[in-house]
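Participant: This is the structure, below, for whatever I ask next.
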Amino acid sequence: MTIAGALDTSEATIGLSQTAFFMSAALFSIFIPRLSDIVGRRKILFFLIFVTTIGGVLSAITPNIELYFVSRIIQGFSGPVVPLCLLMLHAEVNDPKRYGMLMGIITAVNGGIAGIDAFLGGFIATHFGFRPVFWFIAAVGLITLPFILKGVRETKPSAGQKMDWFGVLFLVITLAGFLVAFNEAGKVAAAN
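So for the sequence shown, our numbering puts the first residue at 699; every next one is plus one.
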């Protein structure tokens, strides 16, 4: 059964949940890397994976479309994970060639390593439904958390500085406004 069928909604509404996920990821990517410089990159990475894991659990157990939307927005917190990992990697690796190779590996894994993530997700969804896909995401998050605590060194390159929360709020609201405007502008032609 599809997500739309299970939640008694339309495919278009499910598509909007993807838009909400990516919008959340974009908005959090604006300020989370800078916040991590101030409060600690390992701490923020742990928080992002933890919150994303909660979003995965909520997506897996959601009884309705409203909670599904909320869970996907929560999962969007994961948007800054790759930039944050690249900042952490840059602080640890001084050799440009080695850094370039490792950066390529991180971005390839993020991209799904030639579609393996799409294949695996499709296989799970086809044979077991959509909920186990989110349980799988949550399980990977839970497995990852202890490795972050044990294997990632804390770095705070901007410790003691203050976050410009007014500036963050301005940027987030402005970008959100543009994203919504572009999304709605696409509907104007259809309305005429």
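Glycine included, every Cβ here is placed at the ideal spot set by N, Cα and C.
Here the structure is a predicted model, which is why all the values come from computation and not from measurement.
By the three-class DSSP mapping on this structure, what secondary structure does Thr-853 have?
Facilitator: In the sequence shown, the residue the question calls residue 853 occupies position 155. The answer is coil: DSSP assigns Thr-853 none of H, G, I, E or B.
Participant: Using CA atoms only, rank isn't needed, just tell me which of Leu-705, Phe-775, Ala-823 and Ser-776 is closest to Tyr-766.
Facilitator: Counting from 1 along the sequence shown, the entry for residue 766 is found at position 68. Taking only the C-alpha atoms, the option nearest Tyr-766 is Leu-705.
Participant: Please classify Gln-716: does DSSP put it in a helix, a strand, or coil?
Facilitator: Counting from 1 along the sequence shown, the entry for residue 716 is found at position 18. Three-state result, Gln-716: helix.
Participant: Taking all protein chains shown into account, do 16 or more other C-beta atoms lie within 10 angstroms of the C-beta of Arg-851, making it buried, or fewer, making it exposed?
Facilitator: Within the sequence shown, the letter at position 153 stands for residue 851. Exposed, because fewer than 16 other Cβ atoms sit within 10 Å of the Cβ of Arg-851.
Participant: Would you say Ile-763 and Ser-722 are within 9 angstroms of each other, going by their C-beta atoms?
Facilitator: Along the sequence shown, read from residue 1 onward, the residue named residue 763 stands at position 65. Along the sequence shown, read from residue 1 onward, the residue named residue 722 stands at position 24. Cβ atoms of Ile-763 and Ser-722: not closer than 9 angstroms.
Participant: Apply the 10 Å Cβ neighbour rule to Ile-871 and answer buried if 16 or more other Cβ atoms are within range, or exposed otherwise.
Facilitator: Within the sequence shown, numbered from 1, the residue matching residue 871 stands at position 173. Ile-871 comes out exposed.
Participant: Cα separation between Ile-846 and Leu-743?
Facilitator: By one-based count along the sequence shown, residue 846 stands at place 148. By one-based count along the sequence shown, residue 743 stands at place 45. Taking the straight line joining both Cα atoms gives about 8 angstroms.
Participant: Using a threshold of 9 angstroms, state whether the C-beta atoms of Leu-785 and Asp-735 are closer than that.
Facilitator: Taking the sequence shown and counting its residues from 1, the one referred to as residue 785 is at position 87. Taking the sequence shown and counting its residues from 1, the one referred to as residue 735 is at position 37. Yes, Cβ-Cβ distance for Leu-785 and Asp-735 is below 9 angstroms.
Participant: Please list the segments of the beta strand (DSSP E) lying wholly inside the region 756–797, counting only runs of 3 or more residues, in order along the chain.
Facilitator: List check, beta strand (DSSP E) in window: nothing returned.
Participant: Rounded to whole angstroms, what is the Cα-Cα separation between Ile-712 and Asn-792?
Facilitator: As a position in the sequence shown, residue 712 is number 14, starting the count at 1. As a position in the sequence shown, residue 792 is number 94, starting the count at 1. Roughly 44 angstroms separates the two Cα atoms.
Participant: Counting beta carbon pairs with one atom in the region 865–882 and one in the region 725–739, are three or more of them shorter than 8 angstroms?
Facilitator: Contact between the region 725–739 and the region 865–882 is present, because at least three Cβ pairs lie under 8 angstroms.
Participant: Mapping DSSP to helix, strand and coil, what is Met-861?
Facilitator: Here the question's residue 861 lines up with position 163 in the sequence shown. Three-state DSSP puts Met-861 in coil, outside helix and strand.
Participant: For Phe-775 and Thr-750, I'd like the C-alpha separation in whole angstroms.
Facilitator: For the purposes of this step, residue 775 is identified with residue 77 of the sequence shown, where counting begins at 1. For the purposes of this step, residue 750 is identified with residue 52 of the sequence shown, where counting begins at 1. Phe-775 and Thr-750: Cα-Cα distance of roughly 6 angstroms.
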